[in-house]
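Visitor: Taken in sequence, the protein lines are chains A and B. Letter 267 of the first sequence, counting from 1, is numbered 267 in full-length UniProt numbering, and no numbers are missing. Letter 194 of the second sequence, counting from 1, is numbered 194 in full-length UniProt numbering, and no numbers are missing.
2 protein chains.
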Amino acid sequence: MRILLVGAGGVGGAFGAIAARRDFYEAIVVADYDLAKAERAAEADARFSAAQVDASSADAVAALCREHRITHVMNAVDPVFDMPVFEGALAAGADYLDMAMSLSRPHPETPYETPGVKLGDEQFAAAAQWEEAGRLALVGIGVEPGLSDVFARYAADHLFAEIDELGTRDGANLVVRDEDGHEIFAPSFSMWTTIEECLNPPIVWEDGAWHTTAPFSEPEVFDFPEGIGPVECVNVEHEEVLLMPRWVECRRATFKYGLGEEMINVLRVLHTLGLDSTEKVRVKGVEVSPRDVVAAVLPDPATIGPRMTGKTCAGLWVTGTGKDADGNPTGPRSTYLYHVVANEWTMREYGHQCVVWQTAVNPVVALELLARGTWSGTGVLGPEAFDAVPFLELLTEYGSPWGIQEVSG
Amino acid sequence: MRILLVGAGGVGGAFGAIAARRDFYEAIVVADYDLAKAERAAEADARFSAAQVDASSADAVAALCREHRITHVMNAVDPVFDMPVFEGALAAGADYLDMAMSLSRPHPETPYETPGVKLGDEQFAAAAQWEEAGRLALVGIGVEPGLSDVFARYAADHLFAEIDELGTRDGANLVVRDEDGHEIFAPSFSMWTTIEECLNPPIVWEDGAWHTTAPFSEPEVFDFPEGIGPVECVNVEHEEVLLMPRWVECRRATFKYGLGEEMINVLRVLHTLGLDSTEKVRVKGVEVSPRDVVAAVLPDPATIGPRMTGKTCAGLWVTGTGKDADGNPTGPRSTYLYHVVANEWTMREYGHQCVVWQTAVNPVVALELLARGTWSGTGVLGPEAFDAVPFLELLTEYGSPWGIQEVSG
């Protein structure tokens, strides 16, 4: 296996640090628009090399694949570049993995009721081409989407006779402090992307169809495990809702993000004032996008790791009818399958903050399963299309076990 | 009387429109840094002329006074220019009026406990010079400070034997709509100034001394009259707290601004994110001050008048021991003296929105009392230094009566 890692940002860097400890591949070429960034990430291991790439060009991606005899393209750039990287891989005859699917566009008339172009639509439209070429595009194999989707398959195969809802629930108790030890407002993910994700119309799968809602809909306090505790969660547009119902039977699929009251309030205020806008405004002789200004005044998420404490949790809350080991229905069941990572641990072990580390570990596990032949397939497939058990076993072997608990009330 | 109006912005424009209907003066010279703006305001009356002025230069103000044989300088520019306009008037031998006092500077070590340089300190420091010159500087004669201070003097002279608290309370139920009729977030006053005012340490007079508090302290819901109803009010730094105790005996003086929950939340979020900062940040190759960006994305307060509905209320809540007509104590009393203006009325009658109109009407009334000789004095004086009755009578004659009601609970 020869891997092309496109993107040496937060997640790409953590991917390199995790992959450096494994021996299932021959080489990793780390490519970034910024060659110096790629070179820094490539220092992680002797099997790594660095290259410059323009991820907006499918031709450039394909050329790089051919030059380095790439077998697997690992996409770790902004999803805005999903399609050129995806197309470049196919053109060069490589398999492809990503952690976020091609972007959505809201319905022009009824954005908060009807889906427009959905997440991943452009990628699934190319499924036949991938099948014909005998190549695999494994889409959405980060932590969410990714591990959450593996949990869905596990729940369907081993825990539930019938599933009512597959509800991804993401929450954290991360705190960032300034030099003086005071808590500060510092999102652990790009504020630009958080605004984009949270103000897009959230999507829900229900009774055989997708529909959208208004931002921040259906608020719910979910009690996260391992000391994180209750966090306010709201509907957010996310890939799981598009992926899970394609392979796992369920009446409903949702994604709720534990933004917490403060972040929800901040996003609402930014939207009310128009500070979420990406259209440039004229300010005393210069032109700027208000959203860029918001991102610029906040600490860079890449730099907050050492000043952050707490844990982040990704997981799937499944409700429905449970089953016993023989597959016989056992009555109503409500179970949360989850993965918790502590920032102190990822910083100490890998030198990367927990949110990017938790995202990056999953595609490394998936690539190792593909290298072993434990996972195989062709076409455009989500993580649900593969057996969950070997994935969860290998994740535990990586030192980062998953958990399961029954949800009461 | 020959008046120099410095500043043809929102309040200056309304001042001109109100003064145009009165005959107590001979001429008004409208001066602005932007001559075109001054010329537009000067169209209101044949006795008006326009001039260009740099309000940051005391010499320029004095020269303009001499050129036009000015007797009274009416300062209607940003308080950042208070001192040069104030000094220019004295240098030219003119009397002076303003609606906001010289600026404060927070205490360097304990900003939320101890006052640093207080509002008006620089002006009061020059009081002896004004007295010696036989000239009057009537400071803080807008609506708040201004009419609120007139109410304090009225309460002490006619309603109360002993005053516990002089509590200025300002609230409104103004709503601004977009072209489609949807309510929008559009402050009726400069957002830049609102941020400045609300994030400065609020000041309180108590038991013979001034102290400061943290922003948004002592939240209280005050029930405003004439259909406005309950509004959340918080301590804000304001001139009344500095003026009233100098002339009116009271145990406590406060200013609480009915910002309402939404505006308080917006200001808190802007502060948390650092978007209130006036220091420039680098954003994709350009440099901007975040606060300027916030102001730029909101509608210009000068343009919202026609799309605004509702009323604004300025007033003074006085508590203490009441007295009868003979001056004998009558027991505990709690009274709100107030002035309510409806935006529909000011737009129809004067073509100016209610918040700026309500500010501008008071200095016109004061100048008319000075022209008649009803009010006279030398030195640096607040509105409390003069008899309140003729002021309140003349305000009513202007078509804008005040009100009084007992406060229960």
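Note that the Cβ used here is the ideal one computed from N, Cα and C, for glycine as well.
Identify the contact partners of F185 (chain A) in chain B, using a Cβ-Cβ distance below 8 Å as the criterion.
Guide: Neighbours of F185 (chain A) on chain B, chain order: T272 and L273.
Visitor: Considering just the uninterrupted stretch of the beta strand (DSSP E) at Q353 (chain B), what are its terminal residues?
Guide: Where Q353 (chain B) is concerned, there is no enclosing beta strand (DSSP E), given that its DSSP letter is neither H nor E.
Visitor: At a CB distance below 9 Å, what residues from the stretch 291 to 319 of chain A approach chain B? Give them in sequence order.
Guide: The residues in question are D292, V293, V294, A295, A296, V297 and L298.
Visitor: Please classify G315 (chain A): does DSSP put it in a helix, a strand, or coil?
Guide: Three-state DSSP puts G315 (chain A) in a strand.
Visitor: Please determine, among A:S400, A:D300, A:A46 and A:A38, the residue with the shortest C-alpha to C-alpha distance to A314 (chain A).
Guide: Comparing Cα-Cα distances from A314 (chain A) to each of A:S400, A:D300, A:A46 and A:A38, the minimum goes to A:S400.
Visitor: Measuring alpha carbon to alpha carbon, tell me which of B:V176, B:R21, B:S217 and B:E249 ends up nearest E344 (chain B).
Guide: The residue with the shortest Cα to Cα distance from E344 (chain B) is B:V176.
Visitor: At what residues does the beta strand (DSSP E) containing T193 (chain A) begin and finish?
Guide: Careful: T193 (chain A) lies outside any beta strand (DSSP E), inside the alpha helix (DSSP H) at M191 to L199.
Visitor: Name the residue from B:R69, B:F15, B:A51 and B:Y33 whose alpha carbon lies nearest to the alpha carbon of R2 (chain B).
Guide: That would be B:R69, whose Cα lies nearest to the Cα of R2 (chain B).
Visitor: Under 7 Å between C-beta atoms, does V269 (chain B) make it to chain A?
Guide: Yes, its Cβ sits closer than 7 Å to a Cβ of chain A.
Visitor: Just the chain A side, please: which residues come within less than 9 Å of R282 (chain B) by C-beta, in chain order?
Guide: The contacting residues are A296.
Visitor: Run through the stretch 368 to 396 of chain B for me and flag every whole beta strand (DSSP E) of 3 or more residues, listed as ranges in chain order.
Guide: The stretch 368 to 396 of chain B contains these whole beta strand (DSSP E) runs: 379 to 381.
Visitor: Under the rule that 16 or more other beta-carbon atoms within 10 Å means buried, what is D170 (chain A), buried or exposed?
Guide: When all chains shown are included, D170 (chain A) counts as buried.
Visitor: Rounded to whole angstroms, how far is the Cβ of G377 (chain A) from the Cβ of A385 (chain A), which I believe are closer than 8 Å?
Guide: That pair is a contact at about 6 Å.
Visitor: Output needed in chain order: residues of the stretch 72 to 95 of chain B with a Cβ under 8 Å from some Cβ in chain A.
Guide: Flagged: no residues at all.
Visitor: Consult DSSP for D292 (chain A) and reduce its assignment to one of helix, strand or coil.
Guide: Here D292 (chain A) sits in helix by DSSP.
Visitor: Applying the criterion that 16 or more other CB atoms from any shown protein chain within 10 Å of the CB defines a buried residue, is A55 (chain A) buried or exposed?
Guide: It counts as buried.
Visitor: Do the stretch 13 to 29 of chain A and the stretch 357 to 365 of chain A touch if we need at least three Cβ pairs shorter than 8 Å?
Guide: The answer is yes - the stretch 357 to 365 of chain A touches the stretch 13 to 29 of chain A, with three or more Cβ pairs under 8 Å.
Visitor: In this structure, how does DSSP classify F185 (chain B) when only helix, strand and coil are distinguished?
Guide: Here F185 (chain B) sits in coil by DSSP.
Visitor: Following the continuous beta strand (DSSP E) through R333 (chain A), name the residue where it begins and the one where it ends.
Guide: P329 to A342 is the extent of the beta strand (DSSP E) around R333 (chain A).
Visitor: Can you check whether the C-beta of V139 (chain A) is within less than 7 Å of a C-beta belonging to chain B?
Guide: So, not an interface residue.
Visitor: At least one CB of chain A closer than 7 Å to the CB of V176 (chain B): is that the case?
Guide: Closer than 7 Å: no.
Visitor: The alpha helix (DSSP H) that contains M244 (chain A), what's its start and end?
Guide: Counting along the chain, the alpha helix (DSSP H) containing M244 (chain A) begins and ends at E239 to W247.
Visitor: What residues are listed by DSSP as bridge partners for G322 (chain A)?
Guide: Per DSSP, A:F160 and A:G331.
Visitor: Which residues, taken in chain order from the stretch 256 to 267 of chain A, show a beta carbon closer than 9 Å to some beta carbon of chain B?
Guide: So the close ones are E262, N265 and V266.
Visitor: Can you tell me the Cα-Cα spacing of D326 (chain B) and A155 (chain B), whole angstroms?
Guide: About 14 Å.
Visitor: Can you check whether the C-beta of V286 (chain B) is within less than 7 Å of a C-beta belonging to chain A?
Guide: Judged by the 7 Å Cβ criterion, V286 (chain B) is in contact with chain A.
Visitor: Got a sec? Which residues, its chain only, sit under 6 Å from G379 (chain B) by beta carbon, not counting five neighbours each side?
Guide: A127, W130 and E131.
Visitor: Mind checking which residues open and close the beta strand (DSSP E) that includes V256 (chain B)?
Guide: Here residue 256 (chain B) is Lys; the residue named in the question, Val, does not match the sequence. Where K256 (chain B) is concerned, the enclosing beta strand (DSSP E) stretches over R252 to Y257.
Visitor: Taking 7 Å as the cut-off, decide whether the C-beta atoms of P201 (chain A) and P145 (chain A) are in contact.
Guide: No.
Visitor: Classify residue 479 (chain B) as buried or exposed, calling it buried when 16 or more other Cβ atoms lie within 10 Å of its own Cβ.
Guide: As shown, chain B starts at 1 and ends at 409. That puts residue 479 (chain B) outside it, with no answer to give.
Visitor: In the DSSP assignment, find the beta strand (DSSP E) that holds M74 (chain B) and state where it starts and stops.
Guide: H72 to N75 is the extent of the beta strand (DSSP E) around M74 (chain B).
Visitor: Is G88 (chain B) helix, strand or coil by DSSP?
Guide: In this structure, G88 (chain B) counts as helix in the three-state DSSP scheme.
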